[in-house]
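Heads up, the sequence shown is in this note's numbering, so the first residue is 19 and it goes up one at a time.
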Amino acid sequence: MFSLTQSLEVAEHIDEKYAQNFIELLTLTSDVVLFSAAIPNQGGLEHINEQPPKYWANLFEKYDYLCFDIRNLFWENDKIDFWYRQNIFLYIHKDKINSLELPIKPTQNPMHIVHPEKLIGLLEAKTKKENEKNKGFRLYFRHPKKIFQGKK
């Protein structure tokens, strides 16, 4: 058994019908699992099972693992990609908790939150798309005579 198993941004690539098997495999390898998976609408190549954190916490709970939300420890660290800062949790088997000195308490309801970096990216993409869509209107209002002059 390992002292730590990690699965970072992998689970969203596994079909939902195999998700519980995947979590079971992780729990068989260690009492401590560092885990992250894409949240709904995060987007990414071949993401087929984006789920909120509570979904994964419920699967780990079936194997007596408690969820520790460690995101605040590096939420503002821009040297770490936003998806890790947004999605990462530590799961620890209940029998191992007392032997570890942990500065945080487990949570039964991990918050489903979007990192501001992702949100800003979505808003910028939306604005760019709207600007492209409205380009014709801007041309019309700036140069209405040119629009209606036609070819000469």
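Backbone N, C-alpha and C fix where the C-beta goes; we use that ideal spot for every residue, glycine too. Given the structure is predicted, the values throughout are model-derived calculations rather than measurements.
Could you work out which residue in the options is closest to residue i when comparing CA atoms only?
i    : options                 : result
I41  : E64, A75 and E150       : A75
K35  : L63, G61 and Q69        : Q69
F92  : R103, M129 and S117     : R103
F107 : F53, E27 and Y81        : F53
N95  : G61, I32 and E135       : E135
Y73  : K112, A56, W101 and K97 : A56
K112 : D82, T23, E64 and N67   : D82
K80  : Q126, I32 and H130      : Q126
P128 : E64, P71 and H65        : P71
N90  : L22, I131, I32 and D33  : I131
Along the chain, where does the beta strand (DSSP E) containing residue i start, and where does it finish?
i    : result
I110 : I106 to H111
F86  : Y83 to F86
L26  : T23 to L26
Identify the residues that DSSP records as bridge partners of residue i: which are they?
i    : result
V132 : None, per the DSSP bridge assignment.
F92  : Answer by DSSP bridge pairing: none, since F92 is not bridged.
L52  : Q24 and L108
T125 : C85
Less than 9 Å between the C-beta atoms of residue i and residue j, yes or no?
i    : j   : result
S25  : V50 : no
P124 : C85 : yes
T47  : F78 : no
I115 : I88 : no
E119 : G62 : no
Apply the 10 Å Cβ neighbour rule to residue i and answer buried if 16 or more other Cβ atoms are within range, or exposed otherwise.
i    : result
H133 : buried
D99  : exposed
E30  : buried
L44  : buried
N105 : buried
I110 : buried
Q38  : exposed
Q60  : buried
I'd like the span of the alpha helix (DSSP H) that includes residue i, first residue to last.
i   : result
N76 : P71 to E79
I41 : A37 to T47
Can residue i be considered in contact with the ligand FMN, in the sense that its beta carbon sits closer than 8 Å to one or more heavy atoms?
i   : result
N90 : In the structure shown, the ligand FMN is absent, as is every other ligand, since no ligand is present at all.
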